[in-house]
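Residues in the sequence shown are numbered consecutively from 438, following my numbering.
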Amino acid sequence: MRVLEKKRSVYNANISKKKTCQFCDKKNMAEQICTSLTSHHWFVIASKYPYMDGNLIIISKRHVEDIDTLSSEERKEWFEILECTKQRLGKVFSTTSFNISINIGEYSARSIAHLHWQIIPRDRISNQNALNIFQDIHVISLDHKDVVRLIDERNVQVHEHN
Ligand SMILES: [Zn+2]
């Protein structure tokens with residue numbers, strides 16, 4: 438178990454120095470991709486810098502920065518990928534509660550301009566006292582590689598139903 442704040446602070450300090458888009462960088466993306474959820478137009482990855490355990494990110498394969506520029510095919514597939522991702526996270530983390538968020542635009546506090554949605558499972562067992570999911574201090578017990586394994590392998594659950 439580790440506290441996220443330090444790692445995320447380092448991430449925030451370093452991300453602004455990157456000249457290339459981190460979501461267009463295939464090397465960066467490789468170890469985070471959940472292949473069982475990724476579709477024709479969308480990647481699903483396990484965040485290297487999660488807000489909470491199970492933090493996945495849905496990312497357009499094409500570099501776009503606003504929903505206005507999505508094609509009709511990308512829009513149609515978006516709801517399918519969101520539903521599949523939510524169902525899979527719900528099964529793995531035994532919950533029907535989620536936070537789903539997007540930051541669009543220069544002043545939105547986004548760290549990466551490339552269009553992406555955070556999706557985070559919430560349950561009664563862990564993080565029950567968190568008032569705001571997008572603040573920086575939460576206890577993280579799963580590495581992004583653990584989450585990729587959990588998502589891509591069938592019949593694996595993190596928590597038992599209570
Ligand atoms: Zn990009």
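Note that the Cβ used here is the ideal one computed from N, Cα and C, for glycine as well.
Beta-bridge pairing by DSSP links F480 to I496. Straight-line spacing of the CA atoms in K463 and S473 works out to 17 angstroms. In the structure shown, F516 falls within a helical segment according to DSSP collapsed to helix, strand and coil. Ordered by chain, the residues meeting the criterion of a beta-carbon within less than 5 angstroms of a non-hydrogen atom of ligand 1 are C458, F460, C461, H500 and H551. In summary, G542 is exposed, with fewer than 16 beta-carbon neighbours lying within 10 Å of its beta-carbon over all protein chains present. A straight-line Cα-Cα distance of about 8 angstroms links K582 and K485. Residue burial is scored here from C-beta neighbours: A546 has fewer than 16 other C-beta atoms within 10 angstroms and is therefore classed as exposed. Excluding the 5 residues flanking it on each side, T522 has same chain C-beta neighbours closer than 7 angstroms at L474, V481, L493, I495 and I556, in chain order.
For N465, the enclosing alpha helix (DSSP H) stretches over residues K463 to A467. The alpha carbon of D560 has as its nearest neighbour, out of F516, R525, M466 and S534, the alpha carbon of S534. In this structure, F460 is the residue among P487, A467, S508 and F460 with its C-alpha nearest to the C-alpha of H500. Taking the CA atoms as reference points, S509 sits about 17 angstroms from E520. Excluding sequence positions up to five before and after C458, its CB lies within less than 8 angstroms of the CB of H500, I549, A550 and H551, all in the same chain and listed in chain order.
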